[in-house]
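Numbering (this note's numbering), first residue to last: 222 to 466. Below: the structure, in structure tokens.
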């Protein structure tokens, strides 16, 4: 009997293609956001094409149907790459990420839902766990970064220590973006060893800057300590993989 294509594979493919077709440019949206929308469309288009090619190969060659774990792993790879696209070596594009938050949340929810219907491999579980962790960390970061954003005018009311905290929160996201979808150091990043060292230097600099701030409320200091701990944990994790390579 000719092998049948799993219903889940068909459902995932249809979901991706519908999502791609539904992304539209709002005429009232600022021009700078159009590039982000184009990135979304390309991401979903590429994911859909991968799934369609898998189905065509299956029909043509009459081989075993595409493995659901492989398909979802590919989607998680793409999802993490999409998260990383909001981050470069020095900056986290908070506004673009915030604009696309609900779309990203929907994609991750769909992948998670599909993964609950199959016998997940250990590797897929690892990918899904890190994808959720990175998305949650970025989401929490934008809330804090809005709170501690440098004021637009010199006379604006400033939270004591706002700048070091803002920079350290951003450092945490930048450090996360040096991981692949498995939560491991992406050694394909050019000069990754140097970049890890630079992140450590930036962290030390902003820690010293924070020490100079006077009259810091206990709640602000608590937020600062939490963020420093998170950055140090992420950098130590990167450095542990660095030592293995």
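The beta carbon of each residue, even a glycine, is placed where N, CA and C say it ideally should be.
key: Nearest residue (CA-CA) to residue 370, options 402, 317 and 386   = Within the chain shown, the letter at position 149 stands for residue 370. Comparing Cα-Cα distances from residue 370 to each of 402, 317 and 386, the minimum goes to 386.
key: Within 8 Å, strictly: CB atoms of residue 394 and residue 441   = Locating residue 394 in the chain shown gives position 173, counting from the first residue. Locating residue 441 in the chain shown gives position 220, counting from the first residue. Going by C-beta atoms, residue 394 is not nearer than 8 Å to residue 441.
Cβ-based neighbour list, residue 438, same chain, cut-off 6 Å, excluding 5 preceding and 5 following = The residue you call residue 438 lines up with position 217 of the chain shown. Excluding positions up to five away in sequence, the list is empty.
query = In terms of DSSP beta bridges, what is residue 406 paired with?
reply = Within the chain shown, residue 406 is the residue found at index 185, counting from 1. Partner(s): 400.
request  = Check whether the Cβ atoms of residue 307 and residue 313 sit closer than 8 Å, and answer yes or no.
outcome  = As a working note, residue 307 is residue 86 in the chain shown. As a working note, residue 313 is residue 92 in the chain shown. Yes, the pair counts as a contact, with Cβ atoms nearer than the cut-off.
key: Local Cβ density within 10 Å of residue 323, reported as buried at 16 or more and exposed below that   = On the chain shown, residue 323 is found 102 positions in, with the first residue counted as 1. Under this definition residue 323 is an exposed residue.
request  = May I ask you to verify whether the segment 333-341 touches the segment 290-299, counting CB pairs closer than 8 Å and requiring at least 3?
outcome  = yes
request  = Report the partner residues of residue 171 according to the DSSP bridge assignment.
outcome  = With the chain covering only 222 through 466, there is no way to say anything about residue 171.
task = Following the continuous alpha helix (DSSP H) through residue 341, name the residue where it begins and the one where it ends.
result = Counting from 1 along the chain shown, the entry for residue 341 is found at position 120. No alpha helix (DSSP H) contains residue 341, which DSSP labels as neither H nor E.
Residue 299 (DSSP reduced to helix, strand or coil) = Position 78 of the chain shown, counted from the start, is the residue given in the question as residue 299. Three-state DSSP puts residue 299 in a helix.
query = So does residue 339 have its beta carbon nearer than 7 Å to some heavy atom of the ligand ATP?
reply = No copy of the ligand ATP occurs in the structure displayed, which carries no ligand at all.
ask   = To the nearest whole angstrom, what separates the beta carbons of residue 348 and residue 403, a pair I think is in contact under 8 Å?
value = Numbered from 1 along the chain shown, position 127 holds the residue referred to as residue 348. Numbered from 1 along the chain shown, position 182 holds the residue referred to as residue 403. 6 Å between Cβ atoms; contact.
query = Skipping 5 residues on each side, what residues in its chain have a beta carbon closer than 6 Å to that of residue 427?
reply = By one-based count along the chain shown, residue 427 stands at place 206. Within the same chain, residue 427 has close Cβ partners 385, 388 and 389.
request  = Please report the residue range of the alpha helix (DSSP H) in which residue 370 lies.
outcome  = Sequence index remark: in the chain shown, residue 370 carries index 149 (1-based). Annotation: residue 370 is outside any alpha helix (DSSP H) and is labelled neither H nor E by DSSP.
query = Are residue 462 and residue 405 close, meaning C-beta to C-beta below 8 Å?
reply = Along the chain shown, one-based indexing puts residue 462 at 241. Along the chain shown, one-based indexing puts residue 405 at 184. A contact, by the Cβ cut-off of 8 Å.
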